[in-house]
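As structure tokens, the structure follows; a few thoughts come after it.
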Amino acid sequence: MDGRINPEGIPRDQLVWALGQARIVKEAVRTDMCLLCRDPKVNEAGLCSVCWTYLTAAETELALNWTSGVMPE
Numbered sequence: 116m117d118g119r120i121n122p123e124g125i126p127r128d129q130l131v132w133a134l135g136q137a138r139i140v141k142e143a144v145r146t147d148m149c150l151l152c153r154d155p156k157v158n159e160a161g162l163c164s165v166c167w168t169y170l171t172a173a174e175t176e177l178a179l180n181w182t183s184g185v186m187p188e
């Protein structure tokens, strides 16, 4: 087991890295598939509401940057 919620999603220990990659987050938003669990209805950070509730402090900080429009293009 590599820490994935869904075998097609990003491993949990790589989420901080993924949230720093504009290409990855934008693709999750474009396809409307959560970075972690691949469920639909994601926010600007590419995360569904369920996965959002389980974020660590570091993950939340990066995700909030996306939802507030601070992250780079």
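Each residue of the sequence shown is one higher than the one before, counting from 116 in the working numbering.
Note that beta-carbon positions come from the ideal geometry of N, C-alpha and C, so glycine has one too.
The model shown is predicted, which means the values in this text are computed figures rather than measured ones.
Do you know how far the Cα of residue j is from the Cα of residue i?
| i | j | result |
| --- | --- | --- |
| A173 | K156 | 22 Å |
| C152 | S183 | 22 Å |
| L162 | C149 | 5 Å |
| M116 | E123 | Caution applies to M116, whose pLDDT of 46 falls short of 50 and renders its modelled position unreliable; the value that the coordinates give is listed next. The straight-line gap from Cα to Cα measures roughly 13 Å. |
| C166 | L130 | 11 Å |
| S164 | D154 | 10 Å |
How is residue i classed by DSSP in three states: helix, strand or coil?
| i | result |
| --- | --- |
| C149 | coil |
| I139 | helix |
| V144 | helix |
Need the endpoints of the alpha helix (DSSP H) that residue i sits in, please.
| i | result |
| --- | --- |
| A173 | 172-182 |
| C166 | 164-167 |
| V87 | Past the boundaries of the shown model lies residue 87; the chain is included only from 116 to 188, so the question cannot be answered. |
Do the CB positions of residue i and residue j come within less than 7 Å of each other?
| i | j | result |
| --- | --- | --- |
| A160 | W181 | yes |
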